[in-house]
Every structure is written in structure tokens, then in C-alpha cells.
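Here is the structure we will look at.
Numbering (the working numbering), first residue to last: 59 to 195.
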């Protein structure tokens, strides 16, 4: 298989896995909200978090490699914008994971801030997927 096609498949698969895991965790958190916000860190859902982190960490590398192979300049507005959005969304998702782990261990915290972190991460990754699909050159 050609390198460019393989990278495209890996990049799209990472995006789909990231968004699917995020949606499934959000649905579970909504259904089990009476058990607390850290319910999604229990053993069955830990696999979804690991898949999300793997997809989230692979996206910048496959994306940069794709841009390099295609020959697009890195100074394009949509590439710079998606990089900034990715940084904010990834930091929000990592902060959310650390916050949920602290809540699972018995720490106190605001559920509004936890929800805000989840919304920032979710909207960020959905907007990146929209930018990647549109490619406004």
C-alpha cells in the first residue's frame, strides 16, 4: 500500500476512534450521573480512555507526515488553527482525565468545571475533524 494512503487511513481511523470513544464515554457518564463523574474511570471504560489517548497522541505525527508528503506549507491558516485547537483540546482532555482520577480517589471538585473541560475537549476535536474534512485552502 502506498505511504500516503496508509497515513490517511491511520489519521482518519485515529480521529474516528477518538470521537467514538469520546461519545461513548459521554453517553455512559450521562446515564450513570447518579454514581458520580468518575464512573467512566472504572475498569471496563479504562480501555476507551487508553484508545482515546492513543488516537490523540498519534494524530499530530500522522498529520504532520501527511502535510509533509502532500507538500502543503505549514503556514496555512487552517493548519495553524487546527494546531492551536488541538493543543487546547488535548490539554483539556488530559486535565479532564486527571480531574476524574482525583474525583475517583475521593477528592472534591466542581462538576461544572469538569463538564466545561469535557465540552472544550469535545468541541475542539469535532471542530478539528470539520477543518480536516473541509480543508479550506
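Using N, Cα and C, we set each Cβ at its ideal position, and we do this for glycine too.
Item, Value
"Residue 109 versus residue 115 - alpha carbon distance", "10 Å"
"Cβ-based burial, residue 183 [other Cβ within 10 Å; buried from 16]", "buried"
"beta-carbon residue 118 near the ligand ADP non-hydrogen atom, thresh 7 Å", "By its list of ligands, the structure shown contains no ligand whatsoever, and the ligand ADP lies outside what it can speak to."
"Whole-angstrom distance between residue 67 and residue 186, CA atom to CA atom", "16 Å"
"Spatially closest choice to residue 71 from 160, 168, 120 and 87, by CA coordinates", "120"
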